[in-house]
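*Asks:*
Residue numbers (this note's numbering): 169 to 562.
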């Protein structure tokens, strides 16, 4: 089976989530990924618990398959020289150190491109490598707040964070996209390049129409709780037994909703014909809908709306969705053969390819599991490996 990135070699000097997500995506697509970790410490995500699975962090397990792990002290001269040797035969570097750190270590892009002009260097940071705040640290929660994402969630005066690590995950995906773009560009130019990807930039992109709306109106979007700024009805409703979502995102779907649920009075009411009017009269219309839906079961609501093509459904738990027939049919939880953990499952690469499907070839490695293998590929013998271990280099 052909793998799109077969033959591409990646050095991952990243930890926690955004950088490792980029590395895992490239690994899923066939790249060889070598994860370089601090001796005796490793990626701090290894200690992000609970939850854990047979002593391993679920946080780490979910973002580090298809990689080899080697330990290396980047502050030592020999460790730095080993990185230089690996860079000579690598295609991609991924790092997420704070701005200025790689220069101190001697592994910055300007240094490494002299060793290998074809190297693609992905730098992930909180605020980017330029600008007045480039030296600030950035974590998912901080950027959810700083980027404005949290100002649009929850209710007025009660902002909420998004449950999953949406900032890290989306930045990791965009970082991988940047690398893939740079690989294509290199085919045309023969040169690698510096790819600057920040947590803040990724979330400004995620603001999407809310950001454009600010420049159109001069007003920042406010939190809408379970509703939507520009669509009605497009929110959570309490049925007789549990909550359901109704997403009538245009006028035709509103008509179908009324027809399916027998709401002829609302269907024929000129005040609610157009979405812009439903938004304007949200405080009148939504209580009417809520009162009617509260007398129906969630099954009845969903059956009637599904029959006419109106998007709707229950609010699933994590367990509901990952064990659902649809997720199983889409093979969205992948089984990984792990030497320690029986039945290990993690979310699969989500894009389906007809000719070059993603694969799982390696389990999330234990700390330094492949150190000797990687060093051996550089011609370093076992005696030297033992000395390096004693000296704290690996």
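Quick reminder that beta carbons are idealized off the backbone N, C-alpha and C, glycines included.
Starting from residue 252, follow the alpha helix (DSSP H) in both directions and report where the run begins and ends.
*Replies:* As a working note, residue 252 is residue 84 in the chain shown. Element bounds for residue 252: 245-256.
*Asks:* Along the beta strand (DSSP E) that carries residue 376, what are the first and last residues, could you check?
*Replies:* Taking the first residue of the chain shown as 1, we reach residue 376 at position 208. Premise fails: residue 376 is in no beta strand (DSSP E) and is neither H nor E.
*Asks:* Taking all protein chains shown into account, do 16 or more other C-beta atoms lie within 10 angstroms of the C-beta of residue 476, making it buried, or fewer, making it exposed?
*Replies:* The count along the chain shown starts at 1 and reaches residue 476 at position 308. It counts as exposed.
*Asks:* Taking the alpha carbon of residue 454 as the reference point, which residue from 474, 470, 422 and 176 has its own alpha carbon closest?
*Replies:* Position 286 of the chain shown, counting from 1, holds the residue named residue 454. Ranking 474, 470, 422 and 176 by Cα distance to residue 454 puts 422 first.
*Asks:* On the three-state DSSP scale, how would you describe residue 409?
*Replies:* The residue you call residue 409 lines up with position 241 of the chain shown. Coil at residue 409, not helix or strand.
*Asks:* Which stretch, first to last residue, makes up the beta strand (DSSP E) that contains residue 181?
*Replies:* By 1-based counting over the chain shown, the position of residue 181 is 13. Start and end: 177-181.
*Asks:* So for residue 290, helix, strand or coil by DSSP?
*Replies:* Sequence index remark: in the chain shown, residue 290 carries index 122 (1-based). The answer is strand: DSSP assigns residue 290 an E or B state.
*Asks:* Identify which residue in 556, 488 and 340 has its Cα closest to the Cα of residue 187.
*Replies:* For the purposes of this step, residue 187 is identified with residue 19 of the chain shown, where counting begins at 1. Measuring from the Cα of residue 187, the nearest candidate turns out to be 340.
*Asks:* Taking 8 Å as the CB-CB cut-off, is residue 240 touching chain D?
*Replies:* Any reference to chain D falls outside this structure, which holds one protein chain only.
*Asks:* Use the C-beta contact count for residue 383: other C-beta atoms within 10 angstroms, 16 or more gives buried, fewer gives exposed.
*Replies:* By one-based count along the chain shown, residue 383 stands at place 215. The residue in question, residue 383, is exposed, as its Cβ has fewer than 16 Cβ neighbours within 10 Å.
*Asks:* Does the beta-carbon distance from residue 184 to residue 206 come in below 8 Å?
*Replies:* To locate residue 184, count along the chain shown from 1; it is residue 16. To locate residue 206, count along the chain shown from 1; it is residue 38. No, these two residues do not count as a Cβ contact at 8 Å.
*Asks:* Determine the closest residue to residue 216 out of 227, 181, 209 and 222, with distance taken between C-alpha atoms.
*Replies:* The residue given as residue 216 occupies position 48 in the chain shown. The candidate whose alpha carbon is nearest that of residue 216 is 227.
*Asks:* When you compare each of 203, 280, 199 and 173 to residue 180 by their alpha carbons, which one comes out closest?
*Replies:* Position 12 of the chain shown, counted from the first residue, corresponds to residue 180. When each option's Cα is compared against that of residue 180, the closest is 203.
*Asks:* Going by C-alpha distance, which of 258, 492 and 274 is nearest residue 244?
*Replies:* The residue given as residue 244 occupies position 76 in the chain shown. Of 258, 492 and 274, the residue nearest in Cα terms is 274.
*Asks:* Nearest-angstrom Cα distance between residue 344 and residue 373?
*Replies:* The residue given as residue 344 occupies position 176 in the chain shown. The residue given as residue 373 occupies position 205 in the chain shown. Going from the Cα of residue 344 to the Cα of residue 373 covers about 16 Å.
*Asks:* Less than 7 Å separating the Cβ of residue 306 from some heavy atom of the ligand HEM?
*Replies:* Ligands in the displayed structure: none, and consequently the ligand HEM is not present.
*Asks:* Beta-carbon within less than 6 Å of residue 388's beta-carbon, same chain only, minus the 5 sequence neighbours each way: which residues are those?
*Replies:* Reading the chain shown from its first residue, position 220 is the one you call residue 388. 382, listed in sequence order.
*Asks:* Which word fits residue 420, buried or exposed, when buried means at least 16 other C-beta atoms lie within 10 angstroms of its C-beta?
*Replies:* Walking along the chain shown from the start, residue 420 turns up at place 252. Result: exposed.
*Asks:* Can you name the start and end residues of the alpha helix (DSSP H) that residue 455 belongs to?
*Replies:* Mapped onto the chain shown, residue 455 falls at position 287. From DSSP, the alpha helix (DSSP H) with residue 455 extends over 450-461.
*Asks:* Would you say the segment 489-498 touches the segment 428-442, given that touching needs at least three Cβ pairs under 8 Å?
*Replies:* No, because fewer than three Cβ pairs between the segment 489-498 and the segment 428-442 fall closer than 8 Å, the two stretches do not touch.
*Asks:* With respect to the beta strand (DSSP E) encompassing residue 503, which residues constitute its N-terminal and C-terminal limits?
*Replies:* In the chain shown, the residue the question calls residue 503 occupies position 335. 501-504 is the extent of the beta strand (DSSP E) around residue 503.
*Asks:* Would you tell me roughly how many angstroms separate the C-alpha atoms of residue 328 and residue 224, rounded to the nearest one?
*Replies:* Numbered from its first residue, the chain shown carries residue 328 at position 160. Numbered from its first residue, the chain shown carries residue 224 at position 56. Cα to Cα, the separation comes out at about 29 Å.
*Asks:* Quick one: Cα of residue 251 to Cα of residue 280, how far?
*Replies:* Position 83 of the chain shown, counted from the first residue, corresponds to residue 251. Position 112 of the chain shown, counted from the first residue, corresponds to residue 280. The straight-line gap from Cα to Cα measures roughly 9 Å.
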